[in-house]
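Residue numbers (the working numbering): 746 to 890.
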């Protein structure tokens with residue numbers, strides 16, 4: 746199992762979404778089925794757009810699933826619903842809360858941008874993961890040149 750906690754040097758939602766798109770592309774290229782967990786339609790819409798446009802040469806086949814009843818067709822999906830562990834290998838969390846199934850994924854990534862609200866939510870998520878017996882590997886991009 747691999748669990749990561751990425752703290753970005755940049756701030757704001759767009760920085761988190763761009764990083765999530767890059768992580769999704771890498772995981773998909775490695776052969777994973779990838780879910781990007783959102784908590785609201787506005788963020789899901791922005792992330793959906795980001796997956797189409799984050800790199801001109803990139804093509805990331807993806808679905809947008811609004812309900813757990815929907816079945817994914819593409820290997821990547823933006824979720825506005827609880828992710829099921831049987832559908833996905835990698836879960837990338839861009840929501841401020843963890844899904845109930847967070848401890849059931851082989852690979853999990855949390856992303857925090859460098860602003861107070863995002864860092865505060867990320868600290869709470871980190872504590873929740875620790876309570877589930879998961880200690881994510883921290884990648885703090887603020888410390889890099």
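Using N, Cα and C, we set each Cβ at its ideal position, and we do this for glycine too.
Being a predicted model, the structure only gives us computed values, none of them experimental.
- Taking one beta carbon from each stretch, the stretch 835-852 and the stretch 807-820 have fewer than 3 pairs nearer than 8 Å; the two do not touch.
- Beta-bridge annotation (DSSP): residue 808 is paired with 822.
- The three-state reading of DSSP puts residue 877 in coil, since its state is none of H, G, I, E or B.
- Between residue 845 and residue 827, the gap from beta carbon to beta carbon is short of 8 Å.
- Proximity to residue 804 across 856, 757, 860 and 769 peaks at 769, based on C-alpha coordinates.
- Going by DSSP, residue 767 is part of no beta strand (DSSP E) but of the alpha helix (DSSP H) stretching over 758-774.
- Looking at 752, 747 and 748, the one whose alpha-carbon comes closest to that of residue 857 is 752.
- Per the DSSP secondary-structure output, residue 847 pairs with nothing in a beta bridge.
- For residue 788, the uninterrupted alpha helix (DSSP H) segment begins and ends at 786-798.
- For residue 852, DSSP records a beta bridge to 747 and 835.
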